[in-house]
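Undergrad: Structure provided below as structure tokens; questions to follow.
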Amino acid sequence: MAIEPVYTISSKASGGGRDGEVVSATGRIDLSLRPPKEMGGSGDGSNPEELFSAGYAACFLGALRATSKAAGSPVPDESTV
Numbered sequence: 009m010a011i012e013p014v015y016t017i018s019s020k021a022s023g024g025g026r027d028g029e030v031v032s033a034t035g036r037i038d039l040s041l042r043p044p045k046e047m048g049g050s051g052d053g054s055n056p057e058e059l060f061s062a063g064y065a066a067c068f069l070g071a072l073r074a075t076s077k078a079a080g081s082p083v084p085d086e087s088t089v
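In our numbering, the protein residues as written are 9 to 89.
As structure tokens, then:
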């Protein structure tokens with residue numbers, strides 16, 4: 009039994025990777041990437057770790073809210089991860 013994807017997305021990185029550009033297929037994300045100052049960069053843009061952290065936090069909170077609601081103990085809207 010194959011599972012059909014509900015949603016797919018892709019992004020394209022160009023330039024120097026960590027020191028370049030990234031754009032999503034939808035165009036909603038279109039960013040200059042720069043290494044953070046702590047890693048010897050200019051810190052003038054976002055970085056892959058920051059983007060991964062934001063995506064992980066949003067997905068984790070969504071999963072936490074769904075499972076806690078199903079268990080009868082919903083997580084408040086103002087919760088943070």
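Glycine included, C-beta positions come from ideal geometry on N, C-alpha and C. Source: prediction; values computed, not measured.
#1: Are the beta-carbon atoms of residue 45 and residue 53 separated by less than 7 Å?
#2: Return the Cβ separation of residue 29 and residue 35 in integer angstroms, given the expectation that the two are a contact with Cβ distance under 8 Å.
#3: Find the nearest neighbour of residue 16 within the set 43, 32, 39, judged by alpha-carbon distance.
#4: What does a CB cutoff of less than 7 Å around residue 65 pick up in its chain, not counting 5 residues either side in sequence?
#5: On the DSSP bridge assignment, give the partners of residue 22 in chain order.
TA: According to the structure data:
#1: For the 7 Å CB-CB criterion, residue 45 and residue 53 do not form a contact.
#2: Cβ atoms of residue 29 and residue 35 stay farther apart than 8 Å, at about 13 Å.
#3: Taking only the C-alpha atoms, the option nearest residue 16 is 32.
#4: Correct list, in chain order: 89.
#5: In DSSP, residue 22 forms a bridge with 29.
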